[in-house]
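Residue numbers (UniProt numbering), protein chains in the order written: chain A, 1 to 153; chain B, 1 to 714.
Built from N, CA and C at the ideal position, the CB exists for glycine as well.
As the structure is a computational prediction, the values presented were derived from the model and not from experiment.
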């Protein structure tokens, strides 16, 4: 066990865990930030996507010891009031069916728009194809990313 | 009949407190003809009266309704309150939905499965809303001393147009609560619906988009331990010995317990428990045949020719029809086992105490969960509570209670509150799969190309009846024989979204295309010809409505401009399942010499569409699911062990692989039927039939990507 000092959603957290513990499980089991989801544990589905210094990463394969001083953003911290353009677009387009994958989808989309505020259709599809939605809400995910992009300056 | 003293009390109290007085309406879920009654909030809270479910209107104008059925992504938690709000003329913005917990005294059919919740509850929900509206109008009439007939309602208000008076439902709720509920209440006509048929957003959108703890896997309770279970790695093995010394010595581990063929590692965090589980040393021994996929293929062939078949339906004289046929067409279709792969893997919380059991988690069948846990623990069901969380998909997997029983088992052994979590690997290799099935179809045509004989034999692995003998084309063919053979395999199976028809529909619709071609007829015209025959002179009993089936076929043909598009290869498919009718046209275009499925046009008859937004997505999602599994879904076995254990080996469809899905609903005013399943079955057939048009190759086995013709294409 070792003590890790983490910066998550602009707040300092301490986690006393083993070095190899994936960030996902530290968030979920130790810190109670359960918005980040477990889906596969091998970086295949994207449900666990968080931002590390603004970039989308798969927290299920990221050992907590590798986080260092990087700033972690989870779905809980994407915006204070749940009004990030991507979150709003997800509601406007009514994307979710079961909703389980959507935190990961939103985090992936938000990172894409941060890097490319006006992505092409191809860029949206190729980026979002890394995230699985078992309910098959892909049409609306694609549309919601476009809606969010249209409202981002 | 239970009272509030029992399971629902806690939940109710929360809402009663929030609503702080007002109109409480009890209504009976168990009998659609029974009318709601006004219930005194105080006596409900005191637990002194029996009631059924309720709708409450608070003095703060908040309208609360309990939605009893588990929400797995089918949209019930939005659709149910919409129906109540419609008849109530409520302001939708003031409606709150609460997920009900298991309460067999209040709710009937508290199940998510078979696309059955809406048809079951439609009348009940409408009467609840209409009765509450009636009482509010009566209260206003008394208050203003005007005849009730002069009053109208809209947006949560009662209006008196002549005097210009208006009162909100919240203002009238107290007075309305003192009136007696009417014995008869008039429901709206469909033309007067304002909310039903609109697009209403999922009531949990905000919570989902902000990462609130909604799901079973998110549930946490002080003192709760985490458990992972090592189950036999192959179907047909049983536990011989366990060496858990190393696992027990690892950090965070509280205990390792064994029951039946399972070894549970219990500890303080998921990751610690996972590492300790990997450190278990377990020996297994053979308890049954360790079957491989090659064995299944051999068994299919053997049983297809020599199996002892159960006759499911027999019309006319098939032997004579085939003997006298001008042409005979015969083909076999096969599909593999499939895991359900809900993105939230199985998990459940259990706390078994001497004075009762607390169960919390994602289940499609809370009552079954309770019954099974009662059986296991010997504790009376009356003191077992089941709290239903939102569920990260179900697809039929959560109809089983195995994962709930396990959680109770572990909690009982370690005498602590425990959440059993399945890793993706546990979930995918844990069984209850969609059964593998092979079908053989045979058709006899006379010299005019009329289908005079039809035979279907299904051979399935733990599939039960792998046919749906009273579905189309039954009723349209004079001589017909449908039978099935089942092989009992150690590999466990269970219902998978649109059980049996999820594969049968594609096989049948693809085969009918083969027959149409042999008859020299257009696929749509051929189907319509069969249906006309079923309408004019049906052969024995049929379970589908011929006119509704004809209507979706015609609508899909019209919307897809069937047979008239240049450079587009169209494939047709139509299926009746779970009380609804869906026709689909798949459209393939050649891009760089490769066939690409660009569009699917779907015509859907599920009766009245309650929520346009939810229903549209349900159809699109069903098509995507059907296509994805037809294209890529494959589970194979070696010596009883699954070859695929996670999404690297088991391929799910992704955004870059979907066609556009264009959805058209039939507007016929018929009471609504389910939509969770019906859009899925036809998808594979629409794809396969379009593929044939484009390539002259039939896709007779799933997954399509493994077919010889497909190699090098996708």
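Asked	Found
With distances taken between CB atoms, is the gap from residue 139 of chain B to residue 176 of chain B smaller than 8 angstroms?	yes
Please report how far the alpha carbon of residue 29 of chain B lies from the alpha carbon of residue 544 of chain B, in whole angstroms.	Any answer about residue 29 of chain B is weak, because its pLDDT of 47 lies below 50 and its placement is not dependable; what the coordinates show is given next. Approximately 27 angstroms between the Cα atoms of the pair.
Can you pull out the residues from the region 51 to 77 of chain B whose beta carbon lies closer than 9 angstroms to at least one beta carbon of chain A?	71, 72, 73, 74, 75
Leaving out five residues on either side along the sequence, give the residues of the same chain with a beta carbon under 8 angstroms from the beta carbon of residue 207 of chain B.	214
How would you list, in chain order, the residues of chain A whose beta-carbon sits under 9 angstroms from the beta-carbon of residue 133 of chain B?	Neighbours of residue 133 of chain B on chain A: none; closest Cβ ~27 angstroms, over 9 angstroms.
Any idea what DSSP makes of residue 665 of chain B, helix, strand or coil?	strand
Could you list the residues in the region 337 to 349 of chain B with a C-beta less than 7 angstroms from some C-beta on chain A, going in chain order?	341, 342, 343, 344
Whole angstroms are fine: how far does the CA of residue 135 of chain A sit from the CA of residue 125 of chain B?	27 angstroms
Would you call the region 609 to 616 of chain B and the region 574 to 591 of chain B touching, i.e. three or more CB-CB distances under 8 angstroms?	no
Alpha carbon to alpha carbon, how far is residue 628 of chain B from residue 97 of chain B? Give it in angstroms, no decimals.	33 angstroms
Give me the subset of the region 28 to 39 of chain A whose CB atoms are less than 8 angstroms from a CB atom of chain B, sorted by chain position.	28, 29, 30, 32, 33, 34, 35, 36, 37, 38, 39
Looking at C-alpha atoms only, which residue of B:258, B:77, B:396, B:170 is the closest neighbour of residue 231 of chain B?	B:258
Would a C-beta distance cut-off of 8 angstroms place residue 694 of chain B and residue 619 of chain B closer than the cut-off?	no
Could you name the residues of the same chain whose beta carbon sits closer than 7 angstroms to that of residue 549 of chain B, not counting the 5 residues immediately before and after it, in chain order?	472, 531, 574, 576, 581
Here's a check: name, in chain order, each residue in its chain whose Cβ is nearer than 6 angstroms to the Cβ of residue 2 of chain A, leaving out the five neighbours to either side.	19
Give me the residue from B:156, B:146, B:169, B:154 with the minimum Cα distance to residue 162 of chain B.	B:146
Evaluate residue 187 of chain B with the Cβ neighbour count: other Cβ atoms within 10 Å of its Cβ, from every protein chain shown; 16 or more gives buried, anything less gives exposed.	exposed
Is it buried or exposed for residue 270 of chain B, if we count other Cβ within 10 angstroms and need 16 for buried?	buried
Taking only three categories from DSSP, how would you classify residue 660 of chain B?	strand
Which bits of chain B does residue 45 of chain A rub up against, with CB to CB less than 7 angstroms?	343, 647
Let me check understanding here. Comparing Cα to Cα, which of A:68, A:47, A:45, A:39 lies closest to residue 53 of chain A?	A:68
When DSSP labels each residue in this structure, what does residue 49 of chain B get in the three-state scheme?	Because the pLDDT at residue 49 of chain B is just 42, under 50, the model does not fix this residue reliably, and the value given afterwards should be weighed accordingly. In this structure, residue 49 of chain B counts as coil in the three-state DSSP scheme.
Within 8 angstroms (strictly less), CB to CB, does residue 101 of chain A reach chain B?	yes
Output the distance between the C-alpha atoms of residue 23 of chain B and residue 38 of chain B, rounded to the nearest integer angstrom.	7 angstroms
Rounded to a whole number of angstroms, what is the C-alpha to C-alpha distance between residue 65 of chain A and residue 4 of chain A?	7 angstroms
Helix, strand or coil: which one does DSSP assign to residue 159 of chain B?	strand
Just tell me which of B:240, B:95, B:263, B:193 has its CA closest to the CA of residue 201 of chain B.	B:95
Check whether the Cβ atoms of residue 9 of chain A and residue 74 of chain A lie closer than 8 angstroms to each other.	yes
Could you have a look at residue 479 of chain B and say whether DSSP puts it in helix, strand or coil?	strand
Find out if the Cβ-Cβ distance for the pair residue 111 of chain A, residue 84 of chain A is shorter than 8 angstroms.	no
Residues in the same chain with beta-carbon distance under 6 angstroms from residue 111 of chain B, minus the five sequence neighbours each way, listed in chain order, please.	365
Assign residue 342 of chain B to one of two classes, buried (16 or more other C-beta atoms within 10 Å of its C-beta) or exposed (fewer than that).	buried
In three-state DSSP terms, what is residue 698 of chain B?	coil
Determine the direct distance from the alpha carbon of residue 249 of chain B to that of residue 268 of chain B, and round the result to whole angstroms.	13 angstroms
Could you compute how far the alpha carbon of residue 33 of chain A sits from the alpha carbon of residue 128 of chain A?	23 angstroms
Where in the region 283 to 358 of chain B do unbroken runs of the alpha helix (DSSP H), each at least 4 residues long, occur, reported from the N-terminal end onward?	293 to 306, 318 to 323
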